[in-house]
Amino acid sequence: MARNTPARRSDPLVHVAVLMLVGLMLGPVLYIVVGGFRTNSQITIDPAGLPDPWEFGNYADVLTGGTFWRQVGNSTIAAAATTVGVVTLGVMASYVLARYRFRGRGAMYALFAAGLMFPVTVAITPLYLLVRNLGLANTLPGVILPQIAFGLPTTIIILVPFLRAIPKEIEEAAAIDRCGRLGFFWRMVLPLSVPGLITTGILAFIGSWNSYLLPLFILNDHDSFTLPLGVQAFASQYSVDTAKVLAFTSLSMIPALVFFSLFERRIVGGLTGAVKG
Amino acid sequence: MSSDFGGEATAVAEDVPAGRVPAGDVAEQPAPRPRRCGIGWAQRLEIALLSGPAILMFLGFVILPVLMAAYYGFYRWKGFGAPTDFVGLDNYLTILRDSSFHDALLHNGLIVVLSLVLQGPIALALALLLNRRMRGQSVIRVLIFVPYVIAEVIVGTAWSLLLQVEGAVNGVLEAIGLGGLTADWLADPKLAIWTLMLVLTWKYVGFAVILFLAGMQNIPEELSEAAAVDGASYWQTQRRITLPLLGPTVRIWAFLSIIGALQLFDLVYIIWGQYVASTAGTSTMATYLVTEGRNAGNYGYGNAVAVVLFLISMIIALVYQRFVLRRDTEGALTGGR
């Protein structure tokens, strides 16, 4: 690993600064998690104190109620389907853009690249009407399909350079072995591009897991809510029960955090890859 | 297969191969054909099969809604039945006089500028700090990224609890003897935009730090070693070598930051809700278009606002690509590669 700074042994100031930084970044998160172990009266009397005694009822209530798990299920389905769709369609289109030469290829690339500039915000009301007319309002597919479409630009921007980097020699060797382009795609490109597929898949998964605006428009029925909508609904329903809201909120953080810590290297690598893109 | 360089890739807007599936073509692809001009039917079929689904999805769920937004923007329409009340540019003339929109636009402008001048230097300082060798470095890098990974809804819900008048932020201030600094962080119109900036910085600074650190990793170590041999101090090395070479990364971060700030919706809508945002001075173009288009039922007007937001973002993006990013990337928007 290339470091452009000379090693400096134990500079105490640096360590203090770093510790303060970590405290600032994690403080609010810890407040939510620890706050869930308090009672409302503890929170009212001393908003910044520690639990005394520790109260497990809030977490138990959330975990034993059906709402939280149903929303986790909905979010998982939406995020998994979005990921599969984005990666599948994305790698197919990227393969064409990376390794075929045809009229209109530049335009096609520009079309997808320009899609980076079309955030879902601008199109949200027509998108809602479109989904409603397709009979998909209030259903998870109504969220999944637009999410796949809006996830394609990032995926393609990341994957095209990746697929282009596969050496020509491999393709020529495959051709000599009477392996057509589709066969080459299936047998060589897909296995070789697994790291890129994982990176884009993770980005798509976290994007979908956290997404708010689209589900807010498409999903109205509490049974179809994904986790972000669920958190908001819970927070307004139990607005006087702060402790319970804190418990619900901190539990809903866990899946994304676990997922992130498992794939942290990939995410960071993917972001920098996208920037160098 | 380097067979197809003859088919010169000209960026012509037509010939998107989506619907062009030639009927009776054979799927079986014969082995290499040295083709120097044009492409064969088999290849066209492959192109259509592979890229067709993505193009159809993209046209259907991204391009079509954007075009529909532009279309509805010409109507006074409540979202029921077919839009019939064509008003031409009336909605846009209204936008010119709409003080609520002007407020939102002003807030967006402030958020763009403040994001750049607050997050940029903070992130640079943090990246320099974290680029030094220290114990637990990788753990710290992960921790700093945590706020970025947590969903906007959770961040918003948590911070609105922390920042309410009886909340933990005021509680901590009281506890450490700074009771005089307590405030109504969310509702005071003089403070609210700064509160928003605090939350935005907390949430997104980790992203900038990670980008900058990655950029620093790409700077060859030999350069700072050579500088050290020449007797340069730590700060001289950072100022003369690291920061200039980090230029492209910073410019791309700034681009993402500007676009993100223009489109800002989630956090404002979650913390301030649809009505409070305007009185607290944190409304944005995006929250305004949702408030008008969905909640007030003025679909036509909401879509006109969306078009204006789109045009503003597009113009800024193109200008930025043209004049700032020109040297860094082969402009993704202006001509592919």
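Going down the list, the protein sequences come from chains A and B. Per numbering that gives the first Met the number 0, residue 0 is the first one in the first sequence, and the count goes up by one each step. Per numbering that gives the first Met the number 0, residue 0 is the first one in the second sequence, and the count goes up by one each step. Idealized CB from N, CA, C, for every residue including glycine.
Could you pull the start and end residues of the alpha helix (DSSP H) that residue i belongs to?
i: residue 319 (chain B); result: 298-322
i: residue 233 (chain B); result: 233-236
i: residue 163 (chain A); result: 139-163
i: residue 79 (chain A); result: 65-98
i: residue 240 (chain B); result: Neither: residue 240 (chain B) is in no alpha helix (DSSP H) and is coded neither H nor E.
i: residue 40 (chain A); result: 39-44
i: residue 170 (chain A); result: 167-175
Would you identify the three-state DSSP class for residue i, choosing helix, strand or coil?
i: residue 237 (chain A); result: coil
i: residue 127 (chain A); result: helix
i: residue 36 (chain B); result: Because residue 36 (chain B) sits at a pLDDT of 48, beneath the cut-off of 50, its placement in the model cannot be relied upon, and the point is left open.
i: residue 74 (chain B); result: strand
i: residue 219 (chain A); result: coil
i: residue 22 (chain B); result: With a pLDDT of 39 at residue 22 (chain B), under the threshold of 50, the modelled position of this residue cannot be trusted; read the value that follows with caution. It is coil, neither helix nor strand.
i: residue 132 (chain B); result: coil
i: residue 58 (chain A); result: helix
i: residue 264 (chain B); result: coil
i: residue 35 (chain A); result: coil
i: residue 135 (chain A); result: coil
i: residue 283 (chain B); result: coil
i: residue 211 (chain A); result: coil
i: residue 295 (chain B); result: coil
i: residue 69 (chain B); result: helix
i: residue 256 (chain A); result: helix
i: residue 16 (chain A); result: helix
i: residue 117 (chain A); result: coil
i: residue 278 (chain B); result: helix
i: residue 190 (chain A); result: helix
i: residue 183 (chain A); result: helix
i: residue 224 (chain A); result: coil
Taking 8 Å as the CB-CB cut-off, is residue i touching chain B?
i: residue 218 (chain A); result: no
i: residue 263 (chain A); result: yes
i: residue 114 (chain A); result: yes
i: residue 153 (chain A); result: no
i: residue 45 (chain A); result: yes
i: residue 89 (chain A); result: yes
i: residue 6 (chain A); result: Low per-residue confidence applies at residue 6 (chain A): pLDDT is 48, beneath 50, and the placement is therefore not dependable enough to give any value.
i: residue 30 (chain A); result: yes
i: residue 209 (chain A); result: yes
i: residue 78 (chain A); result: no
Verify the contact flag: residue i, CB atom, against every heavy atom of the ligand FMN, threshold strictly below 7 Å.
i: residue 127 (chain A); result: Judged by which ligands are present, the structure shown has none, so any question about the ligand FMN falls away.
Label residue i either buried or exposed according to how many other C-beta atoms from any shown protein chain fall within 10 Å of its C-beta, with 16 as the threshold for buried.
i: residue 62 (chain A); result: exposed
i: residue 318 (chain B); result: exposed
i: residue 83 (chain B); result: exposed
i: residue 189 (chain B); result: exposed
i: residue 365 (chain A); result: Outside the shown range of chain A (0 to 276) lies residue 365 (chain A), about which nothing can therefore be said.
i: residue 34 (chain A); result: buried
i: residue 308 (chain B); result: buried
i: residue 185 (chain A); result: exposed
i: residue 96 (chain B); result: exposed
i: residue 164 (chain B); result: exposed
i: residue 37 (chain A); result: buried
i: residue 112 (chain A); result: buried
i: residue 12 (chain A); result: exposed
i: residue 132 (chain A); result: exposed
i: residue 211 (chain A); result: buried
i: residue 19 (chain A); result: exposed
Using a Cβ-Cβ cut-off of 8 Å, state whether residue i counts as contacting chain A.
i: residue 67 (chain B); result: yes
i: residue 302 (chain B); result: yes
i: residue 341 (chain B); result: Chain B is shown from 0 up to 336; residue 341 (chain B) falls before or after that span and cannot be answered.
i: residue 145 (chain B); result: yes
i: residue 82 (chain B); result: no
i: residue 19 (chain B); result: With a pLDDT of 38 at residue 19 (chain B), under the threshold of 50, the modelled position of this residue cannot be trusted, and the question is left open.
i: residue 313 (chain B); result: yes
i: residue 160 (chain B); result: yes
i: residue 205 (chain B); result: yes
i: residue 181 (chain B); result: no
i: residue 321 (chain B); result: no
i: residue 52 (chain B); result: yes
i: residue 64 (chain B); result: yes
i: residue 85 (chain B); result: no
i: residue 411 (chain B); result: Summary: the structure shown does not reach residue 411 (chain B), with chain B confined to residues 0 through 336, and so no result is reported for it.
i: residue 262 (chain B); result: yes
**Prompt:** Residue ranges of each alpha helix (DSSP H) run of no fewer than 4 residues wholly in the region 79-124 of chain B, ordered along the chain?
**Reply:** 89-96, 98-113
**Item:** Ranges of the alpha helix (DSSP H) found wholly within the region 138-223 of chain B, counting only runs of at least 4
**Value:** 151-162, 167-174, 191-216
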